[in-house]
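Q: Handing you this structure, nothing more for now.
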Amino acid sequence: DMVRSWRVSDPSIACAYLVIQLHYKGVRERTAGEISALCRAFLSGFAQACELSEDERAMLSTLVLVRICTSLVFGAYSASLDPANEYLSLTQLPGWKALRLLLDVPRADLLGFLTRAE
6 DMVRSWRVSD PSIACAYLVI QLHYKGVRER TAGEISALCR AFLSGFAQAC ELSEDERAML
66 STLVLVRICT SLVFGAYSAS LDPANEYLSL TQLPGWKALR LLLDVPRADL LGFLTRAE
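In this text, residue positions in the sequence shown follow our numbering: the first is 6, and each later residue adds one.
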């Protein structure tokens with residue numbers, strides 16, 4: 006895929022799917038602290054290649070949540086059109102777990118959860 010969009014979209018989407026991926030069945034369950042550390046490590050590496058502006062950093066946590074919600078909505082809709090296709094439902098359970106984990110972090114602390122060492 007090729008698209009012209011905001012620079013912050015790429016790390017937001019990647020972080021969202023990183024958090025979702027860590028909730029798939031068979032993946033060792035991680036603590037919120039471990040997930041936070043993995044997000045921070047990814048974003049730190051991204052920043053070495055492409056620094057985000059302060060405005061972009063401020064939007065990061067919201068965009069991560071939006072991407073998880075978008076994935077859940079599109080996945081549920083697609084699965085409703087083709088219930089026999091199990092692939093379309095794969096993200097539902099881990100996606101909801103990921104969303105709940107991030108929503109349990111106080112809103113004022115979510116950006117720090119994703120970007121700063123505790």
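We treat Cβ as the ideally placed atom computed from N, Cα and C, and that holds for glycine.
Please return the same chain residues whose Cβ sits closer than 6 Å to the Cβ of residue 51, not counting the five positions on each side in sequence.
A: Mapped onto the sequence shown, residue 51 falls at position 46. Excluding sequence neighbours, residue 51 sits near 16.
Q: So, with DSSP's three-state summary, where would you put residue 78?
A: Taking the sequence shown and counting its residues from 1, one reaches residue 78 at position 73. In the structure shown, residue 78 sits in a helix (DSSP, three-state: H, G or I).
Q: Please classify residue 76 as buried or exposed, where buried requires at least 16 other C-beta atoms within 10 Å of its C-beta.
A: The sequence position of residue 76 within the sequence shown is 71, counting from 1. When all chains shown are included, residue 76 counts as buried.
Q: Alpha carbons only, please: which of 102, 116 and 109 is nearest the one belonging to residue 34?
A: Here the question's residue 34 lines up with position 29 in the sequence shown. Ranking 102, 116 and 109 by Cα distance to residue 34 puts 102 first.
Q: With a CB to CB cut of under 6 Å and the five nearest residues on each side skipped, what residues in its chain are close to residue 1?
A: What the structure shows of the chain is the stretch from 6 to 123, and residue 1 is not part of that stretch, so it cannot be assessed.
Q: Does the beta-carbon distance from residue 116 to residue 66 come in below 8 Å?
A: Locating residue 116 in the sequence shown gives position 111, where the first residue counts as 1. Locating residue 66 in the sequence shown gives position 61, where the first residue counts as 1. Yes. Within cutoff.
Q: Note the first and the last residue of the continuous alpha helix (DSSP H) segment covering residue 44.
A: Taking the sequence shown and counting its residues from 1, the one referred to as residue 44 is at position 39. Where residue 44 is concerned, the enclosing alpha helix (DSSP H) stretches over 37–54.
Q: Specify the secondary structure class of residue 27 as computed by DSSP and reduced to three states.
A: Taking the first residue of the sequence shown as position 1, residue 27 is located at position 22. Coil, per DSSP.
Q: So, with DSSP's three-state summary, where would you put residue 16?
A: As a working mapping, residue 16 is identified with position 11 in the sequence shown. Looking at residue 16 - three-state DSSP - the assignment turns out to be helix.
Q: Name the two residues that bound the continuous alpha helix (DSSP H) containing residue 99.
A: On the sequence shown, residue 99 is found 94 positions in, with the first residue counted as 1. Element bounds for residue 99: 97–108.
Q: Determine the DSSP secondary structure at residue 140, reduced to helix, strand or coil.
A: Here the chain has residues from 6 to 123 only, and residue 140 is not among them.
Q: From 109, 112, 82 and 94, pick the residue whose C-alpha is nearest to that of residue 29; which is it?
A: By 1-based counting over the sequence shown, the position of residue 29 is 24. Of 109, 112, 82 and 94, the residue nearest in Cα terms is 94.
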